[in-house]
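Trainee: There's a structure below that I have some questions on.
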Amino acid sequence: PGYDCLVMEDVDEYLRILRQRNHSNSWINGPLDEVLITLGAVSKDSTGLHPTRAGLLMFGKVSCIIREFPDYRLDYREKLGDERWSYRLNSDDIGMNLNVYTFLRETRERLSMKIGSSFKLDGMIRDDDSDTLSAVREGLMNAIVHADYQGIGGVTVDYDGRVIRISNPGGLRIPLEKAINEHISDPRNKVLMRMCLSIGLVEEMGSGISEMFKAKGRGHILNLTIEETSDPLRVNTCITLPVRGVRPNSNASAVINYVMANPHATMSEISSSLNIPSRTLTRTVSDLIDAGVLVRSGSYKYTTWAVIG
Numbered sequence: 009p010g011y012d013c014l015v016m017e018d019v020d021e022y023l024r025i026l027r028q029r030n031h032s033n034s035w036i037n038g039p040l041d042e043v044l045i046t047l048g049a050v051s052k053d054s055t056g057l058h059p060t061r062a063g064l065l066m067f068g069k070v071s072c073i074i075r076e077f078p079d080y081r082l083d084y085r086e087k088l089g090d091e092r093w094s095y096r097l098n099s100d101d102i103g104m105n106l107n108v109y110t111f112l113r114e115t116r117e118r119l120s121m122k123i124g125s126s127f128k129l130d131g132m133i134r135d136d137d138s139d140t141l142s143a144v145r146e147g148l149m150n151a152i153v154h155a156d157y158q159g160i161g162g163v164t165v166d167y168d169g170r171v172i173r174i175s176n177p178g179g180l181r182i183p184l185e186k187a188i189n190e191h192i193s194d195p196r197n198k199v200l201m202r203m204c205l206s207i208g209l210v211e212e213m214g215s216g217i218s219e220m221f222k223a224k225g226r227g228h229i230l231n232l233t234i235e236e237t238s239d240p241l242r243v244n245t246c247i248t249l250p251v252r253g254v255r256p257n258s259n260a261s262a263v264i265n266y267v268m269a270n271p272h273a274t275m276s277e278i279s280s281s282l283n284i285p286s287r288t289l290t291r292t293v294s295d296l297i298d299a300g301v302l303v304r305s306g307s308y309k310y311t312t313w314a315v316i317g
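Here it is, written out as structure tokens:
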């Protein structure tokens with residue numbers, strides 16, 4: 009692909025944010041070609057300047073991207089009612105031109121609005137963040153920088169108001185336990201990772217998965233699973249969002265988390281497992297039911313719990 013395969017409006021916006029963050033680095037204000045070469049977005053040979061694979065994914069026109077990556081696909085979907093999709097961003101829509109940069113910008117802004125975080129965006133830089141949104145952002149970024157763009161199915165993000173499911177082609181390159189406990193990372197797309205790191209889309213190399221599990225430990229996401237599946241090889245991340253109005257690490261949060269994993273648990277089982285006195289548990293459950301957060305059905309011995317968004 010030629011240099012004209014880049015969307016220069018996206019390049020200009022990226023460089024504006026980069027200069028805001030790194031105004032003391034002189035190379036950032038140099039000639040455009042040299043800046044893009046330093047970033048790894050373009051390379052130079054005897055025939056001239058050409059986008060690298062990372063540069064093409066980040067800033068390219070989709071019509072050019074699919075020549076290099078025939079199975080390229082980015083898809084964000086919301087299903088908040090009975091409709092098939094109530095909102096969607098899809099790289100197959102030729103009018104949208106969803107390269108990686110545009111997809112990240114639009115998806116992050118959409119999720120920040122839907123999750124209801126109080127943080128503000130300056131371009132793509134967060135000003136005041138929440139642990140919940142941080143965990144979601146890290147899950148999205150992991151999918152983008154670890155995806156095998158030659159693989160099948162592309163990167164997909166599904167949101168239903170309670171759960172965010174993120175999936176990318178390609179397997180885990182580091183055992184999950186090492187990624188969680190040792191901050192080890194081996195991104196499949198290292199240049200893409202560095203470009204994202206340069207404008208603050210990624211906190212630091214290797215921190216993503218461990219930060220997500222820290223957010224779970226603090227109660228800012230109710231549940232988190234990361235699994236590898238085969239045929240085709242994919243990594244699937246599932247993030248269950250906290251219930252609004254329920255404080256992290258409170259009795260209410262613990263009860264919600266427990267019944268989501270054990271929907272047929274009895275009150276005595278919940279009390280014993282969470283070490284919550286029965287009177288306190290009864291009061292907590294009653295408050296959650298009155299607030300419309302928790303629904304209990306069935307008999308005393310055959311209870312079924314459901315958590316409402």
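In the working numbering, the protein residues as written are 9 to 317. Using N, Cα and C, we set each Cβ at its ideal position, and we do this for glycine too.
For W35, does the count of other Cβ atoms within 10 angstroms reach 16, so buried, or fall short, so exposed?
Mentor: The sequence position of residue 35 within the sequence shown is 27, counting from 1. By the 10 Å Cβ count, W35 comes out exposed.
Trainee: Taking C-beta to C-beta, are S206 and L26 nearer than 8 Å?
Mentor: Translated into the one-based positions of the sequence shown, residue 206 becomes position 198. Translated into the one-based positions of the sequence shown, residue 26 becomes position 18. Taking 8 Å as the Cβ cut-off, S206 and L26 qualify as a contacting pair.
Trainee: Mapping the DSSP letters down to three states, classify N231 as helix, strand or coil.
Mentor: Indexing the sequence shown from 1 puts residue 231 at position 223. It is a strand residue.
Trainee: Between K224, L119, L209 and T237, which has its C-alpha nearest P177's C-alpha?
Mentor: Mapped onto the sequence shown, residue 177 falls at position 169. Checking every option, the nearest Cα to that of P177 belongs to T237.
Trainee: At the level of alpha carbons, what is the spacing between C13 and P59?
Mentor: On the sequence shown, position 5 is the one that residue 13 refers to. On the sequence shown, position 51 is the one that residue 59 refers to. So the alpha carbons of these two residues sit roughly 8 Å apart.
Trainee: Return the CA-CA distance between Y310 and G253, expressed in angstroms with no decimal places.
Mentor: Reading the sequence shown from its first residue, position 302 is the one you call residue 310. Reading the sequence shown from its first residue, position 245 is the one you call residue 253. Cα to Cα, Y310 sits roughly 28 Å from G253.
Trainee: Among the candidates G216, S94 and Q28, whose CA atom is the shortest distance from the CA of I192?
Mentor: Counted from its first residue, the sequence shown places residue 192 at position 184. Among G216, S94 and Q28, the Cα nearest to that of I192 is on G216.
Trainee: If I'm right that D139 touches H228 with Cβ under 8 Å, what's the distance once you round it to whole angstroms?
Mentor: As a working mapping, residue 139 is identified with position 131 in the sequence shown. As a working mapping, residue 228 is identified with position 220 in the sequence shown. That belief holds up - the Cβ atoms of D139 and H228 are roughly 3 Å apart, short of 8 Å.
Trainee: Express the C-alpha separation of N244 and V171 in angstroms, rounding to a whole number.
Mentor: Mapped onto the sequence shown, residue 171 falls at position 163. Mapped onto the sequence shown, residue 244 falls at position 236. Approximately 13 Å between the Cα atoms of the pair.
Trainee: Just to confirm, is the Cβ distance from G68 to N107 under 8 Å?
Mentor: For the purposes of this step, residue 68 is taken as residue 60 along the sequence shown, with counting starting at 1. For the purposes of this step, residue 107 is taken as residue 99 along the sequence shown, with counting starting at 1. Result yes, Cβ atoms of G68 and N107 sit closer than 8 Å.
Trainee: What's the gap between the Cα of T233 and the Cα of T248?
Mentor: Locating residue 233 in the sequence shown gives position 225, counting from the first residue. Locating residue 248 in the sequence shown gives position 240, counting from the first residue. Taking the straight line from one Cα to the other gives about 9 Å.
Trainee: What does the alpha-carbon distance come out to for the pair P240 and P183?
Mentor: Taking the sequence shown and counting its residues from 1, the one referred to as residue 240 is at position 232. Taking the sequence shown and counting its residues from 1, the one referred to as residue 183 is at position 175. Taking the straight line joining both Cα atoms gives about 19 Å.
Trainee: Looking at the structure shown, is K69 part of a helix, part of a strand, or coil, going by DSSP?
Mentor: Against the sequence shown, residue 69 aligns to sequence position 61. Three-state result, K69: coil.
Trainee: Going by DSSP, which residues form a beta bridge with D166?
Mentor: The residue given as residue 166 occupies position 158 in the sequence shown. Paired residues: R85 and R173.
Trainee: Use the C-beta contact count for P250: other C-beta atoms within 10 angstroms, 16 or more gives buried, fewer gives exposed.
Mentor: Here residue 250 refers to the residue found at position 242 when the sequence shown is read from its first residue. Per the 10 Å Cβ criterion, buried.
Trainee: Could you name the residues that DSSP lists as bridge partners for N33?
Mentor: Mapped onto the sequence shown, residue 33 falls at position 25. According to DSSP, which records beta bridges pairwise, N33 is partnered with nothing at all.
Trainee: For the putative contact between A260 and T292, defined by C-beta atoms under 8 Å, what is the C-beta separation to the nearest angstrom?
Mentor: On the sequence shown, position 252 is the one that residue 260 refers to. On the sequence shown, position 284 is the one that residue 292 refers to. Contact flag correct, Cβ pair sits at about 5 Å.
Trainee: Kindly provide the ranges of any alpha helix (DSSP H) runs that are 4 or more residues long and lie completely inside the region 226-272, ordered along the chain.
Mentor: 259-269
Trainee: Reducing DSSP to helix, strand and coil, say where Y310 ends up.
Mentor: Looking up residue 310 in the sequence shown gives position 302. Correct three-state label for Y310: coil.
Trainee: Mapping the DSSP letters down to three states, classify D156 as helix, strand or coil.
Mentor: As a first step, residue 156 is located in the sequence shown; it is residue number 148 there, counting from the start. In this structure, D156 counts as coil in the three-state DSSP scheme.
Trainee: What's the C-alpha gap between N105 and R81?
Mentor: Counting from 1 along the sequence shown, the entry for residue 105 is found at position 97. Counting from 1 along the sequence shown, the entry for residue 81 is found at position 73. Looking at the two C-alpha atoms, the distance is approximately 11 Å.
Trainee: I need the straight-line Cα distance from I133 to T110, nearest angstrom please.
Mentor: Translated into the one-based positions of the sequence shown, residue 133 becomes position 125. Translated into the one-based positions of the sequence shown, residue 110 becomes position 102. Only weak support exists for where I133 lies, its pLDDT of 42 falling under 50; the coordinates are left without a value.
Trainee: Distance check for L57 and D100, CA to CA, integer angstroms please.
Mentor: If you number the sequence shown from 1, residue 100 lands on position 92. If you number the sequence shown from 1, residue 57 lands on position 49. Roughly 28 Å separates the two Cα atoms.
Trainee: What is the DSSP secondary structure of N189, counted as helix, strand or coil?
Mentor: The residue given as residue 189 occupies position 181 in the sequence shown. Residue state, collapsed to three classes: helix.
Trainee: Reducing DSSP to helix, strand and coil, say where V301 ends up.
Mentor: Position 293 of the sequence shown holds residue 301. Here V301 sits in coil by DSSP.
Trainee: Within its chain, find whatever has a CB closer than 8 Å to the CB of D41; leave out the 5 residues flanking it on each side and keep chain order.
Mentor: The sequence position of residue 41 within the sequence shown is 33, counting from 1. Excluding residues within five positions, the ones whose Cβ falls inside 8 Å are V50, K52 and L57.
Trainee: Taking Y167 as the reference, give the member of S307, G103 and L119 with the closest Cα.
Mentor: Position 159 of the sequence shown, counted from the start, is the residue given in the question as residue 167. Of the residues S307, G103 and L119, the one whose Cα lies closest to the Cα of Y167 is L119.
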